[in-house]
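>
Residue numbers (my numbering), protein chains in the order written: chain A, 1 to 327; chain B, 1001 to 1329.
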């Protein structure tokens, strides 16, 4: 029954996105050309990847506000590495950025797991610490396109089978998450911890460790996006992706991932991100100032969370929850 | 907020509880030692006017921190305070364009603060939504509205008498903001520690269900506290706008972090249930002195923000590490 509800929610969101695209297309037919839709998807790819990472964190009743800081720090680190050693092959750069991001995620995770500090406090703190460290290592300077090697900036934009590599990575990460959530015990553990931490302890799940794992996954993806972001825009500085963490949380909330934990799906996170991506790309097309973006994502969070609470409100007290077939 | 295996305290943390007395003594000692170290480190530190200028580092944040402390003690949080400042300041700027005078501008600032607080309050207490997500949303929404109104522009040209709130002095080196800070500290101290309302705040923070069953209108108390936090953000917006003399949509960006750090550093339990206004006052002085000292030593602002972030985590982490260390022995 819950599964049916989730499906209904995702179809609804998909319907809203399609409606939005149709509305824009009715005035500006160029918006639905294949080339533009590919652009919109590619532009949303970082948001999709980060929203998936944020999803597992939120499902375990935590929140990760440090993703944008993590992204920017990793991006700056690999950009500086590239300007010092331009010959470094891309697979090594990718590995370094994922490990660096995972390391920062591990830091968040350990603080939440071992010291039981509320995740919001931990990640609010590390968010500023990461930004500050970027300033320290870069001395406030920018790393510009001419200091990066052609292969470094070329990788995310290289087109294979009609889509840029960046889009393929987003698709690949989504598929991996589908497997992680539906086919592994870790995926089950995320939902068990979020659904009922006390019961999870009695079934032999280490709550803190599971939450820590979620933070590591979120951090690793932030690191990956850090490289992709810096390479795609061919610039790295202290403030890149400033405030992006809010967009990531917005994507999750819009995608129906309950902030109270234990509820969410891969499809929801992807569609939530796509919704914001379509809005963002449609604004300039319909001649609305990009300054509207911030207020729109804020309003979307408020509306989505109200909507979530309305539809999730259970009547009476649920003593025994029905088994969740999708988790 | 972490909802995992949170053990309920077996006794009420009264404000006179020994632990927090110690925490405040510690904070006081830290404040005094920073003061002494700074006066040796820089010859410019011990100067009445210099120190008076330094108080501007914390007065506006502390005004919000008082209300935020009450909110956090009840187990809620408001991340939108800095954005309320932006929106209130933008509204005052818009009023200025209509040719309104100082009285009207102050009224607008307070009213917008209250309205924003009421908006959060309705979403959290009437609709029953988690305050973290709601205020993350309104944090984008309120500042987003400022960006829509202002874009890359700024409002300037506030009337000369409006400058009093942020730049005026009541007596000798005591600025209007410093006096307001002291008065508000007194009011919030009495409200939290000497009134029935204050007792209900602790009761809610320690056990919301228990509080409800003992006849406390939990949602109403929380509603009032969100209103107060909004109002204080409005007051801070007036002071900050008056001090800067202009309004940009990025005004006060990141201030919510410093306000929350101040509250947590002041010994307020981030999970709710305990904390004192005296602690917040001392924390305000500690943060103000550190920022001022760093400024004199030419430390860039972003490095100070690393320090604030470390402080936020360290203040909670160190006592827990210490406890783990003691348990291990």
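Yeah, the Cβ is synthetic: ideal placement off N, Cα and C, and Gly gets one too.
Any idea if residue 1004 of chain B is buried or exposed, counting beta-carbon neighbours within 10 angstroms, 16 or more meaning buried?
Locating residue 1004 of chain B in the second chain gives position 4, counting from the first residue. Here residue 1004 of chain B scores only 42 on pLDDT, less than 50, and its place in the model is too uncertain to base an answer on.
> In terms of alpha-carbon separation, which member of A/41, A/254, A/42 lies closest to residue 338 of chain A?
Because chain A here runs from 1 to 327, residue 338 of chain A falls outside it and cannot be looked at.
> Mind checking which residues open and close the beta strand (DSSP E) that includes residue 1171 of chain B?
As a position in the second chain, residue 1171 of chain B is number 171, starting the count at 1. Start and end: 1169-1171.
> Going by alpha carbons, who is nearest to residue 1181 of chain B out of B/1165, B/1321, B/1260?
Residue mapping note: residue 1181 of chain B aligns to position 181 of the second chain, counting from 1. The candidate whose alpha carbon is nearest that of residue 1181 of chain B is B/1165.
> Of all the options B/1276, B/1210, B/1103, which has the alpha carbon lying nearest to the alpha carbon of residue 1186 of chain B?
On the second chain, position 186 is the one that residue 1186 of chain B refers to. Nearest C-alpha to residue 1186 of chain B: B/1276.
> According to the Cβ coordinates, are residue 235 of chain A and residue 143 of chain A closer than 8 Å?
Translated into the one-based positions of the first chain, residue 235 of chain A becomes position 235. Translated into the one-based positions of the first chain, residue 143 of chain A becomes position 143. Yes, Cβ-Cβ distance for residue 235 of chain A and residue 143 of chain A is below 8 Å.
> Since residue 1303 of chain B contacts residue 132 of chain A with CB under 8 Å, what's their CB separation in whole angstroms?
Here residue 1303 of chain B refers to the residue found at position 303 when the second chain is read from its first residue. Here residue 132 of chain A refers to the residue found at position 132 when the first chain is read from its first residue. Between residue 132 of chain A and residue 1303 of chain B the Cβ distance is about 6 Å, and since that is below 8 Å, they are a contact.
> Which one of A/77, A/172, A/287 has the shortest CA to CA distance from residue 27 of chain A?
Here residue 27 of chain A is taken as the residue at index 27 of the first chain, counted from 1. Among A/77, A/172, A/287, the Cα nearest to that of residue 27 of chain A is on A/287.
> Around the C-beta of residue 1291 of chain B, are 16 or more other C-beta atoms found within 10 angstroms, so that it is buried, or is it exposed?
Taking the second chain and counting its residues from 1, the one referred to as residue 1291 of chain B is at position 291. Under this definition residue 1291 of chain B is a buried residue.
> Are the beta-carbon atoms of residue 1278 of chain B and residue 1045 of chain B separated by less than 8 Å?
Counting from 1 along the second chain, the entry for residue 1278 of chain B is found at position 278. Counting from 1 along the second chain, the entry for residue 1045 of chain B is found at position 45. Against a cut-off of 8 Å, the Cβ pair of residue 1045 of chain B and residue 1278 of chain B comes out as no contact.
> Give the secondary structure of residue 260 of chain A by DSSP, where H, G and I count as helix, E and B as strand, and everything else as coil.
Locating residue 260 of chain A in the first chain gives position 260, where the first residue counts as 1. Three-state DSSP puts residue 260 of chain A in coil, outside helix and strand.
> Hey, quick one: how far does the alpha helix (DSSP H) through residue 212 of chain A stretch, first residue to last?
If you number the first chain from 1, residue 212 of chain A lands on position 212. Here the alpha helix (DSSP H) through residue 212 of chain A covers 207-233.
> Measure the C-alpha to C-alpha separation of residue 1109 of chain B and residue 1179 of chain B and round it to an integer number of angstroms.
Walking along the second chain from the start, residue 1109 of chain B turns up at place 109. Walking along the second chain from the start, residue 1179 of chain B turns up at place 179. About 19 Å.
> From A/104, A/270, A/88, A/229, pick the residue whose C-alpha is nearest to that of residue 151 of chain A; which is it?
Taking the first chain and counting its residues from 1, the one referred to as residue 151 of chain A is at position 151. Of the candidates A/104, A/270, A/88, A/229, the one whose C-alpha sits nearest the C-alpha of residue 151 of chain A is A/88.
> Kindly confirm or deny that the region 1130-1148 of chain B and the region 1206-1216 of chain B touch, where touching means at least three C-beta pairs closer than 8 Å.
Output reads no: the region 1206-1216 of chain B does not touch the region 1130-1148 of chain B.
> Quick check on residue 1159 of chain B - is its C-beta less than 8 Å from some C-beta in chain A?
Mapped onto the second chain, residue 1159 of chain B falls at position 159. No, its Cβ sits nowhere closer than 8 Å to a Cβ of chain A.
> Determine the contact status of residue 1299 of chain B and residue 1073 of chain B, defining contact as a CB-CB distance below 8 Å.
Taking the second chain and counting its residues from 1, one reaches residue 1299 of chain B at position 299. Taking the second chain and counting its residues from 1, one reaches residue 1073 of chain B at position 73. No.
> What alpha helix (DSSP H) runs, 4 residues minimum, are completely inside the region 1088-1174 of chain B?
With a minimum length of 4 residues, the continuous alpha helix (DSSP H) runs that stay inside the region 1088-1174 of chain B are 1102-1121, 1131-1150, 1164-1167.
> Can you tell me whether residue 116 of chain A is helix, strand or coil according to DSSP?
On the first chain, residue 116 of chain A is found 116 positions in, with the first residue counted as 1. Coil, per DSSP.
> Please list the segments of the beta strand (DSSP E) lying wholly inside the region 10-48 of chain A, counting only runs of 3 or more residues, in order along the chain.
Complete beta strand (DSSP E) runs here, min 3: none at all.
> Based on the DSSP output, what are the partners of residue 1246 of chain B in its beta bridges?
Walking along the second chain from the start, residue 1246 of chain B turns up at place 246. BP columns for residue 1246 of chain B point to B/1156.
> Between the C-alpha atoms of residue 1035 of chain B and residue 1289 of chain B, what's the straight-line distance to the nearest angstrom?
What you label residue 1035 of chain B is simply residue 35 of the second chain in a count that begins at 1. What you label residue 1289 of chain B is simply residue 289 of the second chain in a count that begins at 1. Spanning the two alpha carbons is a distance of roughly 7 Å.
> As a quick exercise: from A/266, A/51, A/166, pick the residue whose alpha carbon is nearest that of residue 244 of chain A.
Mapped onto the first chain, residue 244 of chain A falls at position 244. When each option's Cα is compared against that of residue 244 of chain A, the closest is A/51.
> Does any CB atom of chain A fall closer than 8 Å to the CB of residue 1002 of chain B?
Taking the second chain and counting its residues from 1, one reaches residue 1002 of chain B at position 2. Because residue 1002 of chain B sits at a pLDDT of 42, beneath the cut-off of 50, its placement in the model cannot be relied upon, and the following sentence gives the value as read from the coordinates. Chain A contact via Cβ: present.
> For the region 113-130 of chain A, which residues have a beta carbon sitting closer than 9 Å to at least one beta carbon of chain B?
Residues passing the 9 Å Cβ filter: 114, 115, 116, 117, 118, 119, 120, 121, 122, 124, 125, 126, 127, 128, 129, 130.
> I'd like to know if residue 976 of chain B contacts chain A, where contact means its C-beta is closer than 8 Å to some C-beta of that chain.
Past the boundaries of the shown model lies residue 976 of chain B; chain B is included only from 1001 to 1329, so the question cannot be answered.
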